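Here is the structure we will look at.
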Amino acid sequence: MEALTATVKQLTEILAQVGASLAAATQKLEQTTKSLLSSEESLTSTKELLASSKEELATTKESLASANQSFASTKKELASTKEDLTLGNQSLISIKELLVSTEEKLARDNQSLASTKEKLEQTTSALTQSHMNTVNMLKAQVLSRNEDIGMARKAKEESQWDQEEIVCSSVATTMSPLSWRVALWEEQNKEAIAIIKRFESQLKS
Numbered sequence: 001m002e003a004l005t006a007t008v009k010q011l012t013e014i015l016a017q018v019g020a021s022l023a024a025a026t027q028k029l030e031q032t033t034k035s036l037l038s039s040e041e042s043l044t045s046t047k048e049l050l051a052s053s054k055e056e057l058a059t060t061k062e063s064l065a066s067a068n069q070s071f072a073s074t075k076k077e078l079a080s081t082k083e084d085l086t087l088g089n090q091s092l093i094s095i096k097e098l099l100v101s102t103e104e105k106l107a108r109d110n111q112s113l114a115s116t117k118e119k120l121e122q123t124t125s126a127l128t129q130s131h132m133n134t135v136n137m138l139k140a141q142v143l144s145r146n147e148d149i150g151m152a153r154k155a156k157e158e159s160q161w162d163q164e165e166i167v168c169s170s171v172a173t174t175m176s177p178l179s180w181r182v183a184l185w186e187e188q189n190k191e192a193i194a195i196i197k198r199f200e201s202q203l204k205s
């Protein structure tokens, strides 16, 4: 009986130890399960994050491809702009050369114009002086002829010297020599006065 009691006691202790071990194993299993669930959640989150990262990577690749295309297009535009700039610089150089040539030609033309203006002024001055000299000469001739006409008319009144008749071809009339001479002087005076008026009008303008 004592042996049976000892055996039961021993079995009870063993069962208690087994129960304790089982409880510990159960607790450890629960912890492992929790840890596994947490790991699974973490793995799911990691998978989602990885999927999101893949999407972002794909988007980044697309953006990079678009950026590469844009860069290639910009590079072409830059090359075209560079060519345009080169052509523009060449045109600018040509324009500057043309401007320099035009300025030189303008300077020569100005010199020529100044020379021509000086010659014109000299010619105008000489012509003016010539006209004035001609006017003075004609006035002197008119004055001299007026004196001759006055003297001739006075002589005609005091003398019978011009009674001889001749034919005056210029007026186709019959006149005495002295009368014909007076008529000629008067006609010459009219012509001279007309020339004087024309020259004086030119000098005023």
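Under UniProt numbering, think of the first position of the sequence shown as 1, with each following residue one higher. Note that CB positions come from ideal geometry on N, CA and C, so glycine has one too. Quick caveat, the model's predicted, so the values are computed rather than measured.
The C-alpha of I95 is placed about 58 Å away from the C-alpha of N136.
In the three-state reduction of the DSSP assignment, S179 falls in the helix class, which pools H, G and I.
In this structure, the beta-carbon distance from L138 to I195 falls below 8 Å.
K204 and E186 have their C-alpha atoms roughly 27 Å apart. Buried is the label assigned to A192, since at least 16 other Cβ atoms lie within 10 Å of its Cβ. V182 counts as buried, since no fewer than 16 other beta carbons sit within 10 angstroms of its beta carbon.
Nearest Cα to G150 within the set L43, N133 and S179: S179.
Under the three-state reduction of DSSP, S42 is assigned to helix.
In this structure Q202 is in contact with H131, their Cβ atoms being roughly 6 Å apart against a cut-off of 8 Å. Between F199 and T134, the C-beta spacing is below 8 Å. Assignment of S205 by DSSP, reduced to helix, strand and coil, places it in the coil class. Selection Q141, A140 and P177 evaluated against R153 yields P177 as nearest (Cα-Cα). Excluding five sequence positions before and after S52, none of the CB atoms of its chain fall closer than 6 Å to its own CB. Annotation: the segment 79-125 contains no complete segment of the beta strand (DSSP E) (minimum length 3 residues). A direct Cα-Cα distance of roughly 55 Å separates T81 from L120. Taking L113 as the centre and dropping the five residues before and after it, the same chain places no C-beta closer than 8 Å to its C-beta. As the crow flies, the alpha-carbon of T128 is around 29 Å from that of L184.
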